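Let me begin by presenting the structure, written as structure tokens, before commenting on it.
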Amino acid sequence: MSLRPGTETIRFRRPTTDKPEPPKPAKIPHNALLHEQVRKTHRPWLPSFSLAVRIIFLIRVSGAMYANMDDCDEVFNFWEPLHFLTQGYGFQTWELSPVYALRSWAYILLHALPARVGLLIGGNDKRVAFFAVRVALAMISGLVEAAFYRSVVEHVNQRVGRYLFFMLVFSAGMWNSSAAFLPSSFAMYAVTLASSFAMRPSDRVGSRRTLAATLLFATGAIVGWPFAIVLSLPFVFEELFIFSGDTVIPSEKKSWMTARWKRMTLAVFAAALIFVPVIGIDSLAYGKLEIVPWNIVQYNIFGGEERGPNLYGTSPWTFYANNLVLNFNILAPLALLSLPALAITRIVDKRRLGYAPASESHTSPFTVLALRLAPFYLWLLILTVQPHKEERFMFPAYPLLCFNAAVCLYLMRGWLEVSFIKLTKSPWKASQTSMFRQFTFSLLVGTIVLSLSRTVANYKYYHAPMAALFNFQMTELPRLLNATGLLPTYPEGVKEDDQPRLDLSPISEFNLTLCYGKEWHRFPGHFLVPNGIRVEFIKSEFNGLLPGHFATHPFQGQSLASKWWPRPQTQHVPSGLNDLNKEEPSHYVPIEQCDYLVDLDFPLNPVYSDLEPRYAVDSENWERVHCEKFLDARHSMLVTRVLWFPSSTWRENNRFGDYCILKNIENVKRKEALVSRSSQNM
Numbered sequence: 021m022s023l024r025p026g027t028e029t030i031r032f033r034r035p036t037t038d039k040p041e042p043p044k045p046a047k048i049p050h051n052a053l054l055h056e057q058v059r060k061t062h063r064p065w066l067p068s069f070s071l072a073v074r075i076i077f078l079i080r081v082s083g084a085m086y087a088n089m090d091d092c093d094e095v096f097n098f099w100e101p102l103h104f105l106t107q108g109y110g111f112q113t114w115e116l117s118p119v120y121a122l123r124s125w126a127y128i129l130l131h132a133l134p135a136r137v138g139l140l141i142g143g144n145d146k147r148v149a150f151f152a153v154r155v156a157l158a159m160i161s162g163l164v165e166a167a168f169y170r171s172v173v174e175h176v177n178q179r180v181g182r183y184l185f186f187m188l189v190f191s192a193g194m195w196n197s198s199a200a201f202l203p204s205s206f207a208m209y210a211v212t213l214a215s216s217f218a219m220r221p222s223d224r225v226g227s228r229r230t231l232a233a234t235l236l237f238a239t240g241a242i243v244g245w246p247f248a249i250v251l252s253l254p255f256v257f258e259e260l261f262i263f264s265g266d267t268v269i270p271s272e273k274k275s276w277m278t279a280r281w282k283r284m285t286l287a288v289f290a291a292a293l294i295f296v297p298v299i300g301i302d303s304l305a306y307g308k309l310e311i312v313p314w315n316i317v318q319y320n321i322f323g324g325e326e327r328g329p330n331l332y333g334t335s336p337w338t339f340y341a342n343n344l345v346l347n348f349n350i351l352a353p354l355a356l357l358s359l360p361a362l363a364i365t366r367i368v369d370k371r372r373l374g375y376a377p378a379s380e381s382h383t384s385p386f387t388v389l390a391l392r393l394a395p396f397y398l399w400l401l402i403l404t405v406q407p408h409k410e411e412r413f414m415f416p417a418y419p420l421l422c423f424n425a426a427v428c429l430y431l432m433r434g435w436l437e438v439s440f441i442k443l444t445k446s447p448w449k450a451s452q453t454s455m456f457r458q459f460t461f462s463l464l465v466g467t468i469v470l471s472l473s474r475t476v477a478n479y480k481y482y483h484a485p486m487a488a489l490f491n492f493q494m495t496e497l498p499r500l501l502n503a504t505g506l507l508p509t510y511p512e513g514v515k516e517d518d519q520p521r522l523d524l525s526p527i528s529e530f531n532l533t534l535c536y537g538k539e540w541h542r543f544p545g546h547f548l549v550p551n552g553i554r555v556e557f558i559k560s561e562f563n564g565l566l567p568g569h570f571a572t573h574p575f576q577g578q579s580l581a582s583k584w585w586p587r588p589q590t591q592h593v594p595s596g597l598n599d600l601n602k603e604e605p606s607h608y609v610p611i612e613q614c615d616y617l618v619d620l621d622f623p624l625n626p627v628y629s630d631l632e633p634r635y636a637v638d639s640e641n642w643e644r645v646h647c648e649k650f651l652d653a654r655h656s657m658l659v660t661r662v663l664w665f666p667s668s669t670w671r672e673n674n675r676f677g678d679y680c681i682l683k684n685i686e687n688v689k690r691k692e693a694l695v696s697r698s699s700q701n702m
């Protein structure tokens, strides 16, 4: 029968006697290195590549926006040259002098595109360009981490992949390293993506694996950091000598090895082509033939006793152990125990490593997995024996640390399963109990809580250098413009959202100088200081070499750089830069020349000297424009200074100082009056 338009109907399904299909057990990939011994009816939750990318993007972009810059090498050797490329001025270190050429302009140039995009979006606001670069780096990190995670799921074990995913997403170490503008971070991206290809066992048809992994390892070393090539050694060893995914009878071994060596040789020749654009760009920038990766190796290994990295400090062998515990808490010991755990598993839970023992014709999963775990150990060993140590040196191995920890956690879970079955004599009970899930869940939740606590502590305790400059740009400089009549006014009723972006370009009329003394190493870069303000250094107790300024005068040379390189001044050999860390007095200005000064003062435990007086309490000459809290680590408890929890008792165990932007009262008052008169006469 016909119904009126818009009438809703209900259709009932006929009753059925069919039984619902029981859930199927999770399928284990046939080439997985680790096998489940307790069959579960439900597979572990595993985000797809697309979902993993989106989740990691969310965390990494947050890190790009809020992570500190803890390394002055990142600022002076990479952010400042990039600022020079895009703005025409900035600080220059001795490593960027054509005499030494220890920094690759090819690597720096890669970041010019996101910086330019940021300038276009932000209306030439350099702060937007700064965060555009960091977000771009964070997105690259997110992509390679997701690829690495999925490769572990497919070629190692699903549960190991799931553990790895949470470890990567929430670790404090990955938060710090993923958006850092450092060659070691670039090497981390390349090594992580290379490892995603290398997770698959090598076989006769694995030419794509060989070529892709070789190209990526080489890219990380040539474009990023040359020492990162060490992380490829287990992969190369497997390619050349280990059957891995192949079954080879003794009579075919010679032809098999010939084919493997030929394939690897062709991949190496292809990877060597990466040198061509890198050498070309660096030679163009420096005005002469330069192979920067070789320069870095030569300086660090063959520099001699008078020069070399040891000039900039040495640390005990425990440095990296302490640092890894700070950034990865319980994951660090798990990663270190992964190889011993694998050896124990071979004894007590051999079936988890597959059913085929090693023989003359094929390789056991134990050997293949040991090669996957080896790069982290190799990297840690090499760095530990070096006298000069930096946190950033460990960056390339951070994802590998998480992988080792995930494998160790899974193997420990396997020991529990074996023990449970041995006690209960019932594999079925083992498949029904939640004990194993609770064990791994507790460890993962524990490391996540500690990592989040460490991340928040870093932000709350040490974010002052970036926060102070933000307030300087958004509050103090508009105040100056408003006081002198240079701030535009809008008719009443115009909403703030409808007003154009604040133009700070008139600030150049003040000819302001912002100075750093003992806080020079926490300067976050010119990208966070508006154009028209000159940054200078004043003398402090530090007696080493501080950066100078890039040459800004027109370049007079006739080389290719004058036509094809955006800033041919990079060929200029500056005076006063040396590789012996000898102080250069010309890099300082008198304190009287400073209109604003960045300084750190600890009122509860003051430290001062003739060269580092307490400017923040000198109210006759200096006025506090803005101050942020900064942790006094020397007078705070160890636990409360490395972690943060929302507790008043927790906070009471810490001591804080004032990280301030100070105003030279006389200088700024004089310049305000001068600019006011000029604006009135216009």
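Residues in the sequence shown are numbered from 21 upward in steps of one, following my numbering.
Every residue gets a Cβ at the ideal spot worked out from N, C-alpha and C, and that includes glycine.
Since we're looking at a predicted model, the values are computed, not measured.
From the DSSP output, in three-state form, read off residue i for me.
i: Asn601; result: coil
i: Arg710; result: Outside the shown range of the chain (21 to 702) lies residue 710, about which nothing can therefore be said.
i: Ile48; result: Because the pLDDT of Ile48 is 44, which lies under 50, any placement of that residue in the model is unreliable, and the number read from its coordinates should be weighed accordingly. It is coil, neither helix nor strand.
i: Asn684; result: strand
i: Val618; result: strand
i: Gln178; result: helix
i: Gln57; result: coil
i: Gly568; result: strand
i: Gly240; result: helix
i: Glu632; result: coil
i: Arg654; result: helix
i: Gly677; result: strand
i: Ile269; result: coil
i: Val786; result: In the structure as shown, the chain starts at 21 and stops at 702, and residue 786 therefore has no counterpart that could be examined.
i: Leu532; result: strand
For residue i, count neighbouring C-beta atoms within 10 Å of its own C-beta (all shown protein chains included) and say buried if the count is 16 or more, exposed if not.
i: Gly226; result: buried
i: Val172; result: buried
i: Asn315; result: buried
i: Asn478; result: buried
i: Arg690; result: exposed
i: Val79; result: Here residue 79 turns out to be Ile, not Val, going by the sequence shown. It is buried - the Cβ of Ile79 has at least 16 other Cβ atoms within 10 Å.
i: Lys273; result: exposed
i: Ile269; result: exposed
i: Tyr628; result: exposed
i: Ile558; result: buried
i: Thr495; result: exposed
For residue i, which residues in the same chain have their Cβ closer than 7 Å to its Cβ, ignoring the five residues on either side in sequence?
i: Thr504; result: Glu692, Val695, Ser696, Ser699
i: Asp599; result: Trp114, Tyr120, Arg327
i: Glu501; result: Reading off the sequence, residue 501 comes out as Leu, not Glu. Taken in chain order, the residues that qualify are Leu507, Pro526, Ile527.
i: Ile48; result: Reliability fails at Ile48, whose pLDDT of 44 lies under 50, so the model's placement of it is uncertain and no value is given.
i: Thr234; result: Ala287, Val288, Ala291
Between residue i and residue j, what straight-line distance do the alpha-carbon atoms span, to the nearest angstrom?
i: Glu686; j: Ser204; result: 45 Å
i: Leu130; j: Phe322; result: 29 Å
i: Ala487; j: Pro550; result: 14 Å
i: Arg283; j: Pro221; result: 15 Å
i: Gly333; j: Lys409; result: 8 Å
i: Tyr635; j: Asn625; result: 15 Å
i: Arg587; j: Gly108; result: 7 Å
i: Arg675; j: Ser446; result: 57 Å
i: Val662; j: Trp281; result: 49 Å
i: Cys614; j: Phe98; result: 26 Å
i: Arg433; j: Ala199; result: 33 Å
i: Pro254; j: Ile553; result: 51 Å
Which one of the options has the shortest CA to CA distance from residue i?
i: Pro610; options: Gly545, Leu534, Tyr628; result: Leu534
i: Leu391; options: Glu603, Phe622, Met219; result: Met219
i: Ala305; options: Phe557, Val593, Ile441; result: Val593
i: Leu714; options: Ala292, Phe111, Lys273, Tyr340; result: With the chain covering 21 to 702 only, the question about residue 714 has no answer from this structure.
i: Pro623; options: Tyr397, Tyr608, His655; result: His655
i: Ala238; options: Phe98, Gly300, Val256; result: Val256
i: Gly307; options: Gln589, Lys649, Phe650, Asp630; result: Gln589
i: Ala653; options: Leu421, Leu66, Asn673; result: Asn673
i: Arg412; options: Phe206, Leu631, Ile141; result: Phe206
i: Ala166; options: Ser216, Ser595, Ala450, Asn144; result: Ser216
Only counting the same chain, and skipping five residues up and downstream in sequence, which positions put a Cβ closer than 6 Å to that of residue i?
i: Glu643; result: Lys683, Ile685
Counting only the same chain and skipping the five closest in sequence on each side, list residues whose C-beta sits under 8 Å from that of residue i.
i: Trp337; result: Thr404, Val405
i: Ser381; result: Phe263, Thr267, Val268, Ile269, Pro270
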